[in-house]
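*Asks:* Below you'll find the structure I mean.
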Amino acid sequence: MDKNLLVFVTVVEQENFSRAAKELHMTQPAVSQYIRMLEEDVGTRLLERTNKYVRLNKAGEVVYHHAKEIIGLYTKMENLLDDITNKAKGILTIGASYTFGEYVLPHIIAMMQNKYPGIQPTITIGNTAHITELVLTHQLDIGIIEGMMNGVHLEKTPFADDQLYIVASPNNPLTTQPLIKKQDLEQSMWIIREEGSGTRESLENLFAELTIKPERTMKFSSTQPIKEAVAAGLGISLLSKWAIQKELKHHELIILPVEGTPYHRQFSYITMSPFQTKALKLFISLLHDSDLSESIKRKI
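Each residue of the sequence shown is one higher than the last, beginning at 14 in this note's numbering.
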């Protein structure tokens, strides 16, 4: 792999030549020399330097984006070659959208580590749009998502069913109503996820199916603050059964009996490379494990 690119990416991410040198176990002058050689190779400056910071310029942004992709592909190639003669081991880069990543994935990783301690997983959690982008640019070996970005042509493989329910605080007046009307839902404050989230996509699909247009919404960027907001009585939301196990058990949240719920969706995984390392194959086999769902539910 081109050492110039590795040094460049490290400087950008550390935002400092000294920190990059420490990370790479090099001297600062050596780091500076690698950056100069890269800039000479591409024929332009890539970084804006001051005594306080190091920042990308426009050309640097282009090089950084592609350098990350090149490094990701090179690492994947090394892992595949290593697999030919060795047992499953090495780095496995996994991305997951928030619901799966926060409430299900940790249990799967624990199972994998018990069986295959040589595999070194690194985890990235983000919304569906972010995880899809990282898979597309070869920065992740696999992405687990709840929805799909519009206009992105990636084959996705469903592996587990998910059920989403409309939930409220036990003190919400809707919890005492035997029948919740369309008007009740439209007049309630809805606590929602940001655009690009799989849960947001599911909510919009449910709104369309129920033909409702909420009058008020409040947006949060992850599931945990949504649960806290709903439990505090700020409004209602649509959340995965995986995410609300503990809150239901402790009566902090109540499922509202709304016609058309639970809303069903599937967790799916996406990959880019036609070749799979042993580590990735083993991880995918765990995702497809028919006993996985019940095993995890007992732990949550």
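Glycine is no exception: its CB is placed at the ideal position from the N, C-alpha and C atoms.
State the start and end residues of the unbroken alpha helix (DSSP H) segment that holds S215.
*Replies:* Residue 215 sits at position 202 when you count from the first residue of the sequence shown. Segment G211 to L223, the alpha helix (DSSP H) holding S215.
*Asks:* Any contact of the segment 223-238 with the segment 103-122, i.e. 3+ C-beta pairs under 8 Å?
*Replies:* Output reads yes: the segment 103-122 touches the segment 223-238.
*Asks:* Looking only at DSSP bridge pairs, what is R229 linked to?
*Replies:* Here residue 229 refers to the residue found at position 216 when the sequence shown is read from its first residue. Beta-bridge pairing links R229 to M202.
*Asks:* Please state whether DSSP places T63 in a helix, a strand or coil.
*Replies:* The count along the sequence shown starts at 1 and reaches residue 63 at position 50. It is coil, neither helix nor strand.
*Asks:* Is the separation between the beta-carbon of L59 and that of E53 shorter than 8 Å?
*Replies:* Taking the sequence shown and counting its residues from 1, one reaches residue 59 at position 46. Taking the sequence shown and counting its residues from 1, one reaches residue 53 at position 40. Not closer than 8 Å, so no.
*Asks:* Would you give the residue range spanned by the alpha helix (DSSP H) that L153 belongs to?
*Replies:* Sequence index remark: in the sequence shown, residue 153 carries index 140 (1-based). Careful: L153 lies outside any alpha helix (DSSP H) and carries neither H nor E.
*Asks:* Identify which residue in K194, H79 and T145 has its Cα closest to the Cα of H272.
*Replies:* To locate residue 272, count along the sequence shown from 1; it is residue 259. The question names His, but residue 272 in the sequence shown is Glu. Answer by Cα proximity: K194.
*Asks:* Does the pairing of the segment 254-269 with the segment 165-172 give three or more beta-carbon distances under 8 Å?
*Replies:* Verdict: no, contact absent.
*Asks:* When DSSP builds the beta bridges, which residues end up paired with H277?
*Replies:* Counted from its first residue, the sequence shown places residue 277 at position 264. Per DSSP, Q176.
*Asks:* Just verifying my parser: in three-state terms, what is the DSSP assignment at L192?
*Replies:* Start at 1 with the first residue of the sequence shown, and residue 192 comes out as number 179. In this structure, L192 counts as coil in the three-state DSSP scheme.
*Asks:* Could you tell me which of D175, V243, L149 and A292 sits nearest to L86, measuring between CA atoms?
*Replies:* The residue labelled residue 86 in the question sits at position 73 within the sequence shown. Taking only the C-alpha atoms, the option nearest L86 is L149.
*Asks:* Given E265, which residues of its chain have a CB within under 7 Å of its CB, disregarding the five upstream and five downstream residues?
*Replies:* As a position in the sequence shown, residue 265 is number 252, starting the count at 1. The answer, listed in chain order, is A244.
*Asks:* What does Y282 pair with, by DSSP beta-bridge criteria?
*Replies:* Counting from 1 along the sequence shown, the entry for residue 282 is found at position 269. Answer by DSSP bridge pairing, in chain order: I157 and T170.
*Asks:* Which whole-angstrom value is the C-beta distance of W203 and I249, which I expect to be below 8 Å?
*Replies:* For the purposes of this step, residue 203 is identified with residue 190 of the sequence shown, where counting begins at 1. For the purposes of this step, residue 249 is identified with residue 236 of the sequence shown, where counting begins at 1. Contact flag correct, Cβ pair sits at about 6 Å.
*Asks:* From this set, V75, P270 and A34, which residue's C-alpha is nearest I179's C-alpha?
*Replies:* The residue labelled residue 179 in the question sits at position 166 within the sequence shown. Answer by Cα proximity: P270.
*Asks:* For the alpha helix (DSSP H) holding P45, just list the boundary residues, first then last.
*Replies:* Reading the sequence shown from its first residue, position 32 is the one you call residue 45. Residue identity check: residue 45 is Ser in the sequence provided, not Pro. Q41 to V55 is the span of the alpha helix (DSSP H), which, as asked, contains S45.
*Asks:* Please tell me whether D154 and K89 are closer than 8 Å, where the distance is taken between their beta carbons.
*Replies:* Position 141 of the sequence shown, counting from 1, holds the residue named residue 154. Position 76 of the sequence shown, counting from 1, holds the residue named residue 89. In this structure, K89 lies closer than 8 Å to D154 by Cβ.
*Asks:* For A101, which three-state DSSP category applies?
*Replies:* The residue you call residue 101 lines up with position 88 of the sequence shown. DSSP places A101 in coil when its eight states are reduced to three.
*Asks:* Please report the Cβ distance between K144 and I158, rounded to the nearest whole angstrom; I am assuming they are in contact, meaning their Cβ atoms lie under 8 Å.
*Replies:* As a first step, residue 144 is located in the sequence shown; it is residue number 131 there, counting from the start. As a first step, residue 158 is located in the sequence shown; it is residue number 145 there, counting from the start. At residue 144 the sequence reads Ile, which differs from the Lys that was named. Right, their Cβ atoms sit about 6 Å apart.
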